[in-house]
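Here the numbering used here is used: position 159 in the sequence shown is 163, and no number is missing along the way. We treat Cβ as the ideally placed atom computed from N, Cα and C, and that holds for glycine.
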Amino acid sequence: MTSLRQADDARTVAERARLVVRSAPVSQREFADRIGMDPTALSKALHGNRRLGDRELAAIAREGKVSLRYLRTGQGRPPAPPENTAAPDTRRRADAVDAEVRRTQILEATARLIARRGFHRVRVADIARACGTSTGTVHYHFPAKGDALRAALLHCAERFHRRLEAEFRDADSATEKLRRLIEVQLITGDEDRDEWSVWVQSWNEAIVDPALRQGQRDIYARWQQTVLDLVIACRDEGMGTDADAEALTSRFTGLVDGLAIQVLAGTGEMSVTRMRELLLDAFEPHITLR
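Right under this line is the structure:
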């Protein structure tokens, strides 16, 4: 009988907690972030599938602006309804948007931290702190740190290709696109340095972790295909008609990677200016970019 009464009490506490969360002017996911709970754990608790701990109840009461006594016993002032109550489907859409925004924040924070500290010096707690959320939320989006590295690499690659597409829009020839591609590859600012750092570190990790290799292989194949398409376009415009397009592409991409690593590491006398000059000459004598 006692266990049944305790189960009933837990269910009623969960119902009052659910009312508090739904009355808040933020999504359930954002509420979870604010009280430092994993969104999945909060969802289970609100549906009676997980008992709320004392600290969690206190956090819900504090964020929901109700008394802890109300949550435990139902006595006291209930939560005030939100001023603008959205329809359920609207709230679900808002939650989806919130989730996507949060995921992007985590990706950007992860990429920046990995780039500047190194993969093995970044903890999940560091990522959570950098984007103002909980470790539970980071784990919700990326269960393992390796997942975060793969996602950060993909995020940087997508950002790079969007920048490249913007550069290509008003280019009037294949050679002009190659010149602009070279400029986008140069390390001229913090964002460039971060992207290259993530890329190089993903190489290092893929050497020892086979699970990381396929994602990196896919991203690199897309990059090589971009270069190959431009080389073929140059050939269609009458340049390098006798050249092996795939060999030129491999030579160029290998040179880009090697030079970028030298610039990142400060190796020898390699500079951004020197890197640009060497890349402009990379397709000679078949394609002239000067």
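In angstroms, rounded to a whole number, what distance separates the CA positions of residue 156 and residue 115? Working through the sequence shown from its first residue, we reach residue 156 at position 152. Working through the sequence shown from its first residue, we reach residue 115 at position 111. Annotation: residue 156 to residue 115 spans about 5 Å, alpha carbon to alpha carbon.
Counted within 10 angstroms of its Cβ, other Cβ atoms place residue 131 as buried (16 or more) or exposed: Walking along the sequence shown from the start, residue 131 turns up at place 127. Under this definition residue 131 is a buried residue.
Given a cut-off of 8 Å on the beta-carbon distance, is the pair residue 158 and residue 244 in contact? In the sequence shown, the residue the question calls residue 158 occupies position 154. In the sequence shown, the residue the question calls residue 244 occupies position 240. No, the pair does not count as a contact, with Cβ atoms beyond the cut-off.
Can you tell which of 285, 49, 151, 270 has its C-alpha closest to the C-alpha of residue 206? For this step, residue 206 is matched to residue 202 along the sequence shown. Selected option, being the one with the closest Cα: 151.
Do the CB positions of residue 136 and residue 41 come within less than 8 Å of each other? Residue 136 sits at position 132 when you count from the first residue of the sequence shown. Residue 41 sits at position 37 when you count from the first residue of the sequence shown. Not a contact, by the Cβ cut-off of 8 Å.
In the DSSP assignment, find the alpha helix (DSSP H) that holds residue 39 and state where it starts and stops. To locate residue 39, count along the sequence shown from 1; it is residue 35. It spans 32-39 - the alpha helix (DSSP H) in which residue 39 sits, taken as one unbroken run.
8 Å contact criterion, which residue 18 and residue 64 should meet: CB distance rounded: The sequence position of residue 18 within the sequence shown is 14, counting from 1. The sequence position of residue 64 within the sequence shown is 60, counting from 1. The pair is not a contact, with the Cβ atoms about 11 Å apart (cut-off 8 Å).
Alpha carbon to alpha carbon, how far is residue 97 from residue 213? Counting from one through the sequence shown, the residue named residue 97 turns up at place 93. Counting from one through the sequence shown, the residue named residue 213 turns up at place 209. Since pLDDT at residue 97 reaches only 46, below the 50 mark, its modelled position is unreliable, and no value is offered.
Rounded separation between residue 37 and residue 154 - CA only: The sequence position of residue 37 within the sequence shown is 33, counting from 1. The sequence position of residue 154 within the sequence shown is 150, counting from 1. Using only the alpha carbons, I get a separation of about 24 Å.
In this structure, does DSSP put residue 152 in helix, strand or coil? Here the question's residue 152 lines up with position 148 in the sequence shown. Helix.
If I'm right that residue 283 touches residue 294 with Cβ under 8 Å, what's the distance once you round it to whole angstroms? Position 279 of the sequence shown, counted from the start, is the residue given in the question as residue 283. Position 290 of the sequence shown, counted from the start, is the residue given in the question as residue 294. In fact, because the Cβ distance is near 11 Å, the residues do not count as touching under 8 Å.
Does the beta-carbon of residue 189 have 16 or more other beta-carbons within 10 angstroms, so that it is buried, or is it exposed? Residue mapping note: residue 189 aligns to position 185 of the sequence shown, counting from 1. Label assigned to residue 189: buried.
Does DSSP put residue 135 in a helix, a strand or coil? By one-based count along the sequence shown, residue 135 stands at place 131. Looking at residue 135 - three-state DSSP - the assignment turns out to be coil, as it is neither helix nor strand.
Buried versus exposed, by CB contacts within 10 Å (16 or more), residue 105: Counting from one through the sequence shown, the residue named residue 105 turns up at place 101. When all chains shown are included, residue 105 counts as exposed.
Using a beta-carbon distance below 8 Å, is residue 273 in contact with chain B? The structure shown contains no chain B; it is built from a single protein chain.
For residue 201 versus residue 119, is the C-beta distance shorter than 8 Å? Locating residue 201 in the sequence shown gives position 197, where the first residue counts as 1. Locating residue 119 in the sequence shown gives position 115, where the first residue counts as 1. Yes, the Cβ-Cβ distance between residue 201 and residue 119 is below 8 Å.
How should residue 292 be labelled, buried or exposed, when 16 other C-beta atoms within 10 angstroms of its C-beta is the threshold for buried? Against the sequence shown, residue 292 aligns to sequence position 288. Note on residue 292: under 16 other CB atoms within 10 angstroms of its CB, so exposed under the neighbour-count rule.
Selected residue, minimal CA-CA separation from residue 179, among 233, 53, 71, 57: Against the sequence shown, residue 179 aligns to sequence position 175. Comparing Cα positions, the closest option is 233.
Please classify residue 58: is it buried, with 16 or more other beta-carbons within 10 angstroms of its beta-carbon, or exposed? As a first step, residue 58 is located in the sequence shown; it is residue number 54 there, counting from the start. The residue in question, residue 58, is exposed, as its Cβ has fewer than 16 Cβ neighbours within 10 Å.
When the Cα atoms are used, what is the spatial distance from residue 44 to residue 165? As a position in the sequence shown, residue 44 is number 40, starting the count at 1. As a position in the sequence shown, residue 165 is number 161, starting the count at 1. Going by the C-alpha atoms only, they are around 34 Å apart.
Cβ-Cβ distance between residue 27 and residue 68 below 8 Å: Here residue 27 refers to the residue found at position 23 when the sequence shown is read from its first residue. Here residue 68 refers to the residue found at position 64 when the sequence shown is read from its first residue. Annotated as proximal: residue 27 and residue 68, with beta-carbon spacing under 8 Å.
With distances taken Cα to Cα, identify the nearest neighbour of residue 281 among 248, 186, 204, 265. Your numbering for residue 281 matches position 277 in the sequence shown. Ranking 248, 186, 204, 265 by Cα distance to residue 281 puts 186 first.
Coarse secondary structure for residue 4, derived from DSSP in three states: Because the chain is modelled from 5 through 294, residue 4 falls outside the range shown and cannot be assessed.
Are the CB atoms of residue 203 and residue 160 nearer to each other than 8 Å? Within the sequence shown, numbered from 1, the residue matching residue 203 stands at position 199. Within the sequence shown, numbered from 1, the residue matching residue 160 stands at position 156. Cβ distance < 8 Å, so residue 203 and residue 160 count as in contact.
So what does DSSP say about residue 79, is it helix, strand or coil? Taking the first residue of the sequence shown as 1, we reach residue 79 at position 75. Residue 79: coil per DSSP, three-state reduction.
Give me the Cα-Cα distance between residue 247 and residue 181, rounded to the nearest whole angstrom. Numbered from its first residue, the sequence shown carries residue 247 at position 243. Numbered from its first residue, the sequence shown carries residue 181 at position 177. Whole-angstrom Cα-Cα distance: 19 Å.
Measure the alpha-carbon distance for residue 276 versus residue 198 and round it to whole angstroms. For the purposes of this step, residue 276 is taken as residue 272 along the sequence shown, with counting starting at 1. For the purposes of this step, residue 198 is taken as residue 194 along the sequence shown, with counting starting at 1. Looking at the two C-alpha atoms, the distance is approximately 15 Å.
Applying the 10 Å Cβ sphere with the 16-neighbour rule, what's the burial state of residue 211? Here residue 211 refers to the residue found at position 207 of the sequence shown. With fewer than 16 neighbouring CB atoms inside 10 Å of its own CB, residue 211 falls in the exposed class.
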